[in-house]
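J.: Following this message is one structure expressed as structure tokens.
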Amino acid sequence: MELEYPLVTTAWLEANLFEGNLVLLDASMQSVVGKEPILYDEFVCIPRSQKFDIEQVFCDTTSSQLHAMPTPEQFEQGATALGIDRDSLVVIYDNQGIYSAPRAWWMFKLMGHENVYVLDGGLPQWLSEERMTSESYQPTVIDEESVPYVADFQPGLICDANYVLESLGGDSVILDARAAGRFAGEVSEPRSGVRCGHIPGSVNLPFGELLREHRMKRVEDLQAMFEQLVGEQEAERIFSCGSGITACILILASVASGHDKAVLYDGSWADWGSNADLPIEQGA
Numbered sequence: 025m026e027l028e029y030p031l032v033t034t035a036w037l038e039a040n041l042f043e044g045n046l047v048l049l050d051a052s053m054q055s056v057v058g059k060e061p062i063l064y065d066e067f068v069c070i071p072r073s074q075k076f077d078i079e080q081v082f083c084d085t086t087s088s089q090l091h092a093m094p095t096p097e098q099f100e101q102g103a104t105a106l107g108i109d110r111d112s113l114v115v116i117y118d119n120q121g122i123y124s125a126p127r128a129w130w131m132f133k134l135m136g137h138e139n140v141y142v143l144d145g146g147l148p149q150w151l152s153e154e155r156m157t158s159e160s161y162q163p164t165v166i167d168e169e170s171v172p173y174v175a176d177f178q179p180g181l182i183c184d185a186n187y188v189l190e191s192l193g194g195d196s197v198i199l200d201a202r203a204a205g206r207f208a209g210e211v212s213e214p215r216s217g218v219r220c221g222h223i224p225g226s227v228n229l230p231f232g233e234l235l236r237e238h239r240m241k242r243v244e245d246l247q248a249m250f251e252q253l254v255g256e257q258e259a260e261r262i263f264s265c266g267s268g269i270t271a272c273i274l275i276l277a278s279v280a281s282g283h284d285k286a287v288l289y290d291g292s293w294a295d296w297g298s299n300a301d302l303p304i305e306q307g308a
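In terms of our numbering, the sequence shown opens at residue 25 and continues consecutively.
Printed below as a string of structure tokens:
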């Protein structure tokens, strides 16, 4: 089963929760930057969930880059350990609504897995509707017939600083998901040694503006927002943020609105702002 829209509703998930090939992943992060975090008195998750650890497992810990995407080999090892295969229907959520789940979703896309979706509204929406919960993750069971996950890496979905630099002044549009104050260079960066400002020519779209409470705004609203910022052009969109996490919220919104040329600048501002050789702009 493949769906056209990149998000699924809580009602859809509840109705399909016990489908045999469905894999439900909790991609919540310990570190939440750029929004007031939702805190929980005790652990709770959606039944059948498994932990998808972006910060320690599904990242390249050998890289100097913060929250670097895992290599295909690292992803394959982690996915296999969770019992995921190429036929799995993967649904991802997080405990902030829509925050880090889009990062995991884009990671699966990067590895060539198309049958992957984000739960619209995540755990907060699920809890607000008083749906069934669990106090622990589902244990991973790997049977003897399981086959190792094999990635089909899609290098065109991700880029580095050199690619962005070469794109300046071209047809590509660069969108920055950080808050307006950080984009303008009026607020200090949360990471030491990172300059203030933004990539020259980039456009600011704070990720919170794409959300209505915990959920993604309607398709028509998303389309109007992108059209107002970048016009109706079908040019490639390069997405950036602080460290490559919330940029994926913009990618999710862009894909949901019908645009299909998205590239993640994985290092994002933590990478660009740390390199004194790269140009910056300040101001709105």
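Cβ coordinates follow ideal geometry from the N, Cα and C atoms, glycine included. Fair warning: this is a prediction, and the values are worked out from it, not measured in the lab.
Output needed for ALA308: all residues of its chain with C-beta closer than 8 Å, excluding positions within five of it in sequence on either side, in chain order.
T.: So the list reads ALA204, PHE207, ALA208 and ASN228, once near-sequence residues are dropped.
J.: Would you be able to state if there are at least three C-beta pairs under 8 Å between the stretch 168-188 and the stretch 96-104?
T.: At 8 Å Cβ cutoff, the stretches touch.
J.: For TYR161 and GLN257, what's the separation of their Cα atoms in angstroms?
T.: Near 44 Å, if we compare the C-alpha coordinates of GLN257 and TYR161.
J.: Looking at C-alpha atoms only, which residue of PRO179, ASP284 and PHE42 is the closest neighbour of PRO30?
T.: The candidate whose alpha carbon is nearest that of PRO30 is ASP284.
J.: Among the residues of its own chain, which have a CB less than 8 Å from the CB of PRO214, if the five just before and after it don't count?
T.: The answer, listed in chain order, is VAL57 and GLY266.
J.: Under the rule that 16 or more other beta-carbon atoms within 10 Å means buried, what is GLN80, buried or exposed?
T.: It counts as exposed.
J.: Pairs of beta-carbons, one from the stretch 59-66 and one from the stretch 31-38, closer than 8 Å: are there three or more?
T.: With a cut-off of 8 Å, the stretch 31-38 and the stretch 59-66 do not count as touching, because too few Cβ pairs lie within range.
J.: Alpha carbon to alpha carbon, how far is GLU210 from LEU46? Give it in angstroms, no decimals.
T.: Roughly 45 Å between the two C-alpha positions.
J.: What separation, rounded to the nearest whole angstrom, lies between the Cα atoms of GLY255 and GLN247?
T.: Cα-Cα distance, rounded: 10 Å.
J.: Using a Cβ-Cβ cutoff of less than 7 Å, which residues in the same chain neighbour ALA294 once the five nearest sequence positions on both sides are dropped?
T.: Answer for ALA294: LEU90, ARG215, VAL218, GLY266 and SER267, listed in chain order.
J.: Just list the beta strand (DSSP E) runs in the stretch 243-268, keeping only unbroken ones of 3 residues or longer that don't cross its boundaries, in chain order.
T.: You should have 261-264.
J.: Between ASP290 and ILE198, is the Cβ-Cβ spacing less than 8 Å?
T.: No, the Cβ-Cβ distance between ASP290 and ILE198 is not below 8 Å.
J.: In the DSSP assignment, find the unbroken beta strand (DSSP E) run with TYR187 in it and report its ends.
T.: It is not in any beta strand (DSSP E) - TYR187 instead sits in the alpha helix (DSSP H) that spans 185-191.
J.: Just to confirm the assignment, what range does the alpha helix (DSSP H) spanning ILE273 have?
T.: Taken as a continuous stretch (DSSP letters only), the alpha helix (DSSP H) holding ILE273 covers 271-280.
J.: In chain order, what residues of the same chain have a beta carbon less than 7 Å from the beta carbon of LEU41, not counting five sequence neighbours either side?
T.: Cβ within range, chain order: PRO71 and ARG72.
J.: Give, in chain order, every unbroken run of the beta strand (DSSP E) that is at least 3 residues long and sits entirely within the stretch 138-213.
T.: Complete beta strand (DSSP E) runs here, min 3: 140-143 and 197-200.
J.: Quick check: the Cα distance between SER298 and GLY225, rounded to an integer number of angstroms?
T.: Distance between the alpha carbons of SER298 and GLY225: 18 Å.
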